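Under this note's numbering, the residues of the sequence shown are numbered 287 to 363, in order.
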Amino acid sequence: MRKLFNKLKDKANAAVISARTFIENKKAEGYVDSGVKILIAVVIGALLLAGLYALFNTTIMPTVTSKVQGLFNYSGN
287 MRKLFNKLKD KANAAVISAR TFIENKKAEG YVDSGVKILI AVVIGALLLA
337 GLYALFNTTI MPTVTSKVQG LFNYSGN
């Protein structure tokens, strides 16, 4: 009987330790953090590209410019 109680006590202690470890885990790398990082990277990239356009007053990436203009000139035939 004593072995049974010791075994139950050990399992309960292991469960408590596991739960405590899970709760005290301070790692905050989640979906929101990843989304914010991606959004910041896109905004910084757009600002850099806008700065290059303002600095050089010319087309920096001609293929992208021609493709965007082609999208806006779509006639729908």
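Virtual Cβ for every residue (Gly too), placed ideally from N, Cα, C.
The structure displayed is predicted, hence computed values, not measured ones.
May I ask you to report which of helix, strand or coil DSSP gives residue i?
| i | result |
| --- | --- |
| residue 360 | coil |
| residue 345 | coil |
| residue 299 | helix |
| residue 311 | coil |
Just checking my contact of residue i with residue j at CB under 8 Å: how many whole Å lie between their CB atoms?
| i | j | result |
| --- | --- | --- |
| residue 346 | residue 335 | 7 Å |
Could you tell me the alpha carbon to alpha carbon distance between residue i and residue j, rounded to whole angstroms?
| i | j | result |
| --- | --- | --- |
| residue 317 | residue 326 | 14 Å |
| residue 298 | residue 308 | 15 Å |
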